Amino acid sequence: MLTALSMRDIVLVEALDLDVATGLTVLTGETGAGKSIILDALGLALGARSDAGLVRSGAKQASATAVFSAPDDPALIELITERGFDVTPGEDLILRRTVAADGRSRAFINDQPAGVTALREIGQALVEVHGQHETVGLLDWKTHRALLDTYGGLQPQLLGVASAAEKLKAGERAVADLKASAAEAAAHAEELTQNLADLDALDPRPDEETELAGERAVLGASEKAVADLADARSSLGGDKLSRNLAAALRAVEHARQRAAQSGVEADHPLIERLTAAAEAIDRTLVEAEEALACVDAAANAFDFEPGRLDKTEERLFALRAAARKLNTSVELLPVLRERFREQLRMIENGADAIAAAERAADAARERYDLAATLLTSAREAAADRLVASVMQELGPLKLERARFRVSFEPVSDGRRGPLGVETVRFQIATNAGTDFGPLDSVASGGELARFALAMKAALAGRDDQRQPVMIFDEVDQGVGGAVAEAVGQRLQRLSQGAQVLVVTHSPQVAARGHAHWKVMKADQSGTTVTSVVDLDADARREEIARMLSGSRITDEARAAADVLLA
Numbered sequence: 003m004l005t006a007l008s009m010r011d012i013v014l015v016e017a018l019d020l021d022v023a024t025g026l027t028v029l030t031g032e033t034g035a036g037k038s039i040i041l042d043a044l045g046l047a048l049g050a051r052s053d054a055g056l057v058r059s060g061a062k063q064a065s066a067t068a069v070f071s072a073p074d075d076p077a078l079i080e081l082i083t084e085r086g087f088d089v090t091p092g093e094d095l096i097l098r099r100t101v102a103a104d105g106r107s108r109a110f111i112n113d114q115p116a117g118v119t120a121l122r123e124i125g126q127a128l129v130e131v132h133g134q135h136e137t138v139g140l141l142d143w144k145t146h147r148a149l150l151d152t153y154g155g156l157q158p159q160l161l162g163v164a165s166a167a168e169k170l171k172a173g174e175r176a177v178a179d180l181k182a183s184a185a186e187a188a189a190h191a192e193e194l195t196q197n198l199a200d201l202d203a204l205d206p207r208p209d210e211e212t213e214l215a216g217e218r219a220v221l222g223a224s225e226k227a228v229a230d231l232a233d234a235r236s237s238l239g240g241d242k243l244s245r246n247l248a249a250a251l252r253a254v255e256h257a258r259q260r261a262a263q264s265g266v267e268a269d270h271p272l273i274e275r276l277t278a279a280a281e282a283i284d285r286t287l288v289e290a291e292e293a294l295a296c297v298d299a300a301a302n303a304f305d306f307e308p309g310r311l312d313k314t315e316e317r318l319f320a321l322r323a324a325a326r327k328l329n330t331s332v333e334l335l336p337v338l339r340e341r342f343r344e345q346l347r348m349i350e351n352g353a354d355a356i357a358a359a360e361r362a363a364d365a366a367r368e369r370y371d372l373a374a375t376l377l378t379s380a381r382e383a384a385a386d387r388l389v390a391s392v393m394q395e396l397g398p399l400k401l402e403r404a405r406f407r408v409s410f411e412p413v414s415d416g417r418r419g420p421l422g423v424e425t426v427r428f429q430i431a432t433n434a435g436t437d438f439g440p441l442d443s444v445a446s447g448g449e450l451a452r453f454a455l456a457m458k459a460a461l462a463g464r465d466d467q468r469q470p471v472m473i474f475d476e477v478d479q480g481v482g483g484a485v486a487e488a489v490g491q492r493l494q495r496l497s498q499g500a501q502v503l504v505v506t507h508s509p510q511v512a513a514r515g516h517a518h519w520k521v522m523k524a525d526q527s528g529t530t531v532t533s534v535v536d537l538d539a540d541a542r543r544e545e546i547a548r549m550l551s552g553s554r555i556t557d558e559a560r561a562a563a564d565v566l567l568a
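At position 261 of the sequence shown the residue is numbered 263 (our numbering), and the sequence of numbers has no breaks.
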């Protein structure tokens with residue numbers, strides 16, 4: 003609910019702070035006192051169009067602040083957060099707007115800078131304004147379907163249609179996807195066949211590239227090691243070294259034997275040197291043969307198949323060439339192979355899959371049509387009840403010659419949507435013999451305001467009807483007596499479930515208020531100033547008496563006021 007309204011330097015108001023009560027608050031005052039200024043200030047805070055003319059003469063800027071109790075409506079909280087503003091549980095919602103003397107305006111939500119569009123959207127969710135062609139919600143025919151559904155309690159039917167629409171959408175999307183995939187596959191059937199044949203011939207395995215790269219590294223190192231060992235064997239002279247050493251050993255042995263035969267003693271240094279040479283050659287022969295054996299054994303220890311490295315590199319090249327051709331990685335070749343196989347299978351079996359999907363979509367379409375038909379029937383029944391309820395309200399509001407109807411039209415695009423297959427429009431004919439038409443093109447300003455009151459009165463009995471703050475601006479204009487009394491009764495009835503503010507010239511309406519503000523204009527130091535007084539019981543009696551009798555209040559007027567207030 004609206005809890006407070008503050009104004010600074012707006013037209014004739016210098017500074018004004020108002021606490022707003024629950025129930026029905028009435029605003030009265032003499033013509034020209036400035037009652038409209040209060041509504042202009044509230045409209046400014048709610049995002050209405052700004053005007054430099056709102057700034058009080060001599061002031062730099064005007065400001066209006068509307069304070070609302072902590073939001074608890076999930077839809078309102080979602081709207082506020084979607085617009086980028088935080089909602090703290092238990093904290094008031096504050097909407098503020100300033101207008102500079104040059105016409106520039108600024109908007110704030112909870113003291114955070116905001117766009118005027120966001121301010122207006124949130125303001126419209128909080129407050130309904132009904133007045134001279136300002137019946138915002140009812141004039142927008144796009145709101146009529148939701149109003150009718152709320153009035154009729156059609157949430158179960160709406161949920162059924164929404165669920166059926168979602169399933170139909172999924173079914174139609176499945177058909178479209180299958181057809182698109184089949185068309186794409188068919189367009190590339192020859193290429194797919196060749197690519198699959200190439201991959202089948204290549205037969206790539208998962209992780210094969212990694213394995214081959216590792217194997218190539220090992221084989222390359224092994225090949226180089228074996229070559230190194232071959233060089234070592236060659237450097238040792240191979241078997242020739244052993245033969246040379248053996249020949250050298252025999253020659254030294256022969257020399258030692260001949261020295262002995264020539265008479266050289268066994269302990270002679272020559273014999274010792276020849277013996278030492280023979281032993282050294284013998285050791286060298288043994289070690290040379292052992293070295294050659296070790297080199298040969300090491301070379302044989304390498305598991306090296308001649309040509310194996312070439313085969314490995316050829317395989318790697320083939321895999322990478324295939325990946326380049328298909329614009330993919332070697333790792334994904336097995337996956338792509340199965341994808342090609344599936345696409346070719348789809349070409350072969352695609353017609354069957356599409357036919358099955360179309361049958362499922364047709365079944366979903368039939369279920370949607372049934373749910374939509376049930377919703378349409380429920381809407382038509384609710385429309386009959388709403389028309390009867392509104393017609394009961396029109397007579398007492400001096401609209402006895404008016405007729406009201408709910409018009410149904412198919413949605414323009416023929417789409418099976420989540421809200422059903424028809425649009426809903428409220429239409430009115432204000433005089434006998436005239437055609438039905440949109441509310442704003444047929445009804446006058448006063449008629450439109452009273453019609454809005456009739457609609458709200460008809461809708462007020464619904465348990466699921468969530469009503470924001472409602473403002474009625476001179477809804478009783480041009481009527482009096484019993485009609486004004488009927489207006490007051492309906493406003494009071496609305497205020498039992500909502501907060502209602504009404505600007506009125508009618509004492510019958512004013513007497514129904516739970517709170518009564520009197521708007522007054524006075525001269526202060528040569529400047530005209532508008533002020534608002536929250537009337538107590540005695541002052542309220544005097545104000546209603548003034549409204550009954552004029553500027554000269556009589557005892558008879560006071561007595562009549564007592565009757566109205568009783």
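Ideal Cβ positions, reconstructed from N, Cα and C, are used throughout, including at glycine. What you are looking at is a predicted structure, and each value in this text was computed from that prediction instead of being measured.
- For E123, the uninterrupted alpha helix (DSSP H) segment begins and ends at 118-128.
- Here the region 250-265 does not lie against the region 288-299, with fewer than 3 beta-carbon pairs under 8 Å apart.
- Here DSSP, grouped into helix, strand and coil, assigns S391 to helix.
- For R542, no beta strand (DSSP E) run applies; the uninterrupted alpha helix (DSSP H) run containing it begins and ends at 539-551, by DSSP.
- By the Cβ rule, the region 514-530 counts as touching the region 481-496, because three or more pairs are nearer than 8 Å.
- When G117, G422, S38, A325 are compared, the shortest CA-CA separation from L201 is found for A325.
- Taking the Cβ atoms as the reference, L81 lies roughly 11 Å from I111, outside the contact range of under 8 Å.
- The residues L214, E217, R218, L221, in chain order, have a CB closer than 7 Å to that of T314 in the same chain once the five nearest residues on each side in sequence are set aside.
- Shown here, D442 sits in a helix according to DSSP, grouped into three states.
- Of all C-beta pairs linking the region 496-511 to the region 24-34, three or more are shorter than 8 Å, placing the two stretches in contact.
- The closest CA to that of V254, considering only A278, R245, H270, is found on A278.
- S224 is positioned such that its CB atom lies no closer than 8 Å to that of M348.
- Secondary structure in the region 44-125: the alpha helix (DSSP H) runs of 4 residues or longer, each lying completely within the stretch, are 76-84 in chain order.
- Note on geometry: alpha-carbon atoms of P76 and D151 lie some 19 Å from one another.
- Considered as a whole, the region 274-330 harbours 310-327 as its complete alpha helix (DSSP H) runs of no fewer than 4 residues, in chain order.
- Inclusion of E211 and L321 in the CB contact set at 8 Å is warranted, their separation being smaller than that value.
- Excluding five sequence positions before and after T425, the CB atoms of its chain that fall closer than 7 Å to its own CB belong to R147, E411, V413, given in chain order.
- D74 counts as exposed, since fewer than 16 other beta carbons sit within 10 angstroms of its beta carbon.
- The distance from the Cβ of A50 to that of T67 is about 14 Å, inconsistent with a contact at the 8 Å cut-off.
- Nearest neighbour of G397 by Cα position, chosen from I546, Q114, L377, T432, turns out to be T432.
- According to the DSSP assignment, E32 belongs to no beta strand (DSSP E), since it is labelled neither H nor E.
- The beta carbon of I356 lies closer than 8 Å to those of V177, L180, K181, A184 in the same chain, with the five residues before and after it left out.
- Per DSSP, Q157 is one residue of the alpha helix (DSSP H) stretching across 157-189.
- A Cβ-Cβ separation of about 16 Å leaves V521 out of contact with G45 under the 8 Å criterion.
- Here the C-alpha atom of A384 lies approximately 12 Å from the C-alpha atom of V392.
- Per the coordinates, the alpha-carbon of V163 lies some 24 Å from the alpha-carbon of A358.
- With respect to the 8 Å criterion, A120 and P91 are not classified as neighbours on the basis of their beta carbons.
- Contact between L318 and L328 is ruled out by a C-beta separation of about 16 Å, above the 8 Å threshold.
- The C-beta distance from V477 to H132 rounds to 7 Å, short enough to meet the 8 Å contact threshold.
- Boundaries of the beta strand (DSSP E) around H518: 517-526.
- Cβ neighbours of P420 within its own chain (closer than 6 Å, five residues either side excluded): A164, A167.
- In the three-state reduction of the DSSP assignment, T432 falls in the coil class.
- The three-state secondary structure of P398, taken from DSSP, is helix.
- Ranking V15, M9, L14, V13 by CA distance to the CA of D21 puts M9 first.
- In this structure, the beta-carbon distance from I12 to L41 does not fall below 8 Å.
- Residue nearest to R367 within the set G552, S508, V423, R387 is V423 (criterion: CA-CA distance).
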